[in-house]
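Peer 1: Input: one structure, supplied below.
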Amino acid sequence: MKRLIREFEEQVRADLAADGDVQIGGVKMSPLAILDPGSQTYYAEYLRWRDEEWLPGRFARLRTILALEPPHNEARFKRLINALERQQVAAFVGAGMSLSSGMLLWSDFLRKLREAPPEAKRCSIGELENLLSDANMNYEAAADLVHKHMGRRLFMDHMRTHFDVSPDAIQGPVHLLPHLFHRWVFTTNYDNILEDVYASEGYDFKFVLHGNQQLENVQQYYDDTKPALIKLHGDERYPSQRVFLSKEYKQAYAARSYLRRELSRVAGGKSLLFMGCSLAQDRTMQVLKKTAKADTGQPEHFAFLPLPTDADWLRERESFLTDHGIYPIWYDAPSPADHDDAIEALLVGLLRERKKL
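In structure tokens:
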């Protein structure tokens, strides 16, 4: 895994900074140069570092997660492993998987847009916060509000700037995804992080479909041996395919739309693993609920989600998610960094079970 090798080399350099160069006669050499990347000695040291220093912490975190109450996590995790072994799992990647790379959640992105100059084009902060509140969570109306005051061109310019991520800036457990999900990956994100990560790990997507119009041709691309990325809500680089405003959502999720049909078809035939997704009451979830009601024999879907601290809210979330055919695997996340650590530990556990780590 190239991401792990980079982390190993960074650790070697960190040791160098603390201890200084190694001097042999009149020649100074770094520990990394002495190891000679590509040699058997280098690879043996990398494996030692991975198995003795890197993996134990991830396995310890995984054990903590699987032991959480209520006691559903371990059983659900085993069912997810079984689905992976049957090659029946597709990744569904949300905005939370891009946070480490400098992206924002939708609500915070809209707040940032609202603060952009000129001040004369800012919408009411009170009106925006009301739409984004837990009681409403109306992101479509909030986007409409900001867009209306900013104007189309300025709004689109901020979209392009924010979601254009340099490959060097990409961080977090997203780097592990190519080693588990080689084939079909679904996302509602607008950024280019998944494309860059898969390419850097040697799993280039053969097809990248973005937006409702391209989904019309999706059947001709379906080949389980070739990796494909389905960007359900489009891409920041192609505004005409993007789904962000309410009118765009209405068109994309219309009764006979290709997006709706494709999402229903996949949800009825494969297990989806949701990562970095809030899984609130939105249009995507409405499609999943309808599919779950229509097909009692559909595969189970899974999600990595932060454990609610309130017992009543936990029961409500369990009921809501299972009604949509989704079985959450909860993790504790006292701080923002704990989200990445937990998802990384869960993915490492899956990789180990699949004998890929």
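In the working numbering, the protein residues as written are 18 to 374.
Don't be surprised by glycine CBs; every beta carbon is placed ideally from N, CA and C.
Taking all protein chains shown into account, decide if isoleucine 142 is buried (16 or more other Cβ within 10 angstroms of its Cβ) or exposed.
Peer 2: exposed
Peer 1: Over what stretch of residues does the alpha helix (DSSP H) that includes serine 288 continue unbroken?
Peer 2: Counting along the chain, serine 288 falls outside any alpha helix (DSSP H), though it belongs to the beta strand (DSSP E) covering 288-292.
Peer 1: Output the residue ranges of the beta strand (DSSP E) runs that lie fully inside the segment 75-120 and measure 3 residues or longer, sorted by chain position.
Peer 2: 106-110
Peer 1: Measure the alpha-carbon distance for tryptophan 201 versus histidine 341 and round it to whole angstroms.
Peer 2: 21 Å
Peer 1: Looking at C-alpha atoms only, which residue of Leu289, Pro351 and Met18 is the closest neighbour of proline 190?
Peer 2: Met18
Peer 1: Assuming alanine 107 and leucine 363 make a contact with CB atoms under 8 Å, what is their CB distance in whole Å?
Peer 2: Not confirmed; about 16 Å, so no contact.
Peer 1: Since leucine 276 and leucine 296 are thought to touch, with beta carbons under 8 Å apart, how far apart are those beta carbons, to the nearest angstrom?
Peer 2: Not confirmed; about 18 Å, so no contact.
Peer 1: How do the segment 277-288 and the segment 176-194 stand: do at least 3 beta-carbon pairs fall below 8 Å, yes or no?
Peer 2: Verdict: no, contact absent.
Peer 1: Among Gly113, Gly168 and Asp312, whose alpha-carbon lies nearest the alpha-carbon of aspartate 355?
Peer 2: Gly113
Peer 1: Rank Asp349, Glu370, Asp358 and Arg371 by C-alpha distance to the C-alpha of asparagine 90 and give the top, closest one.
Peer 2: Per the C-alpha coordinates, the member of Asp349, Glu370, Asp358 and Arg371 positioned closest to asparagine 90 is Asp349.
Peer 1: Compare the Cα-Cα distances from leucine 246 to each of Leu122, Tyr270, Asn209 and Ala328 and report the closest residue.
Peer 2: Closest option to leucine 246, Cα to Cα, is Asn209.
Peer 1: Taking contact to mean at least 3 C-beta pairs separated by less than 8 Å, is the segment 254-269 in contact with the segment 157-167?
Peer 2: yes
Peer 1: Tell me whether histidine 227 sits in a helix, a strand or coil according to DSSP, three-state version.
Peer 2: strand
Peer 1: Could you tell me which uninterrupted alpha helix (DSSP H) segments, each at least 4 residues in length, are contained entirely in the segment 272-327, listed from first to last along the chain?
Peer 2: 275-286 and 300-311
Peer 1: Determine, using beta carbons only, whether alanine 269 and phenylalanine 291 come nearer to each other than 8 Å.
Peer 2: no
Peer 1: Could you check where the alpha helix (DSSP H) with phenylalanine 210 kicks off and where it finishes?
Peer 2: One point to set straight first is that residue 210 is isoleucine, not phenylalanine, in the sequence displayed. First-last of the alpha helix (DSSP H) with isoleucine 210: 210-217.
Peer 1: Under a three-way DSSP split, which group does proline 54 fall into?
Peer 2: coil
Peer 1: DSSP three-state call for isoleucine 346: helix, strand or coil?
Peer 2: The answer is strand: DSSP assigns isoleucine 346 an E or B state.
Peer 1: Exposed or buried, aspartate 181, counting other C-beta atoms within 10 Å across all chains shown (16 or more means buried)?
Peer 2: exposed
Peer 1: So, with DSSP's three-state summary, where would you put alanine 61?
Peer 2: helix
Peer 1: Lysine 138 by DSSP, collapsed to three states: which one?
Peer 2: helix
Peer 1: Just the Cα atoms here: how many angstroms apart are aspartate 53 and glycine 314?
Peer 2: 54 Å
Peer 1: Using the C-alpha atoms, what's the distance from cysteine 140 back to lysine 165?
Peer 2: Distance between the alpha carbons of lysine 165 and cysteine 140: 8 Å.
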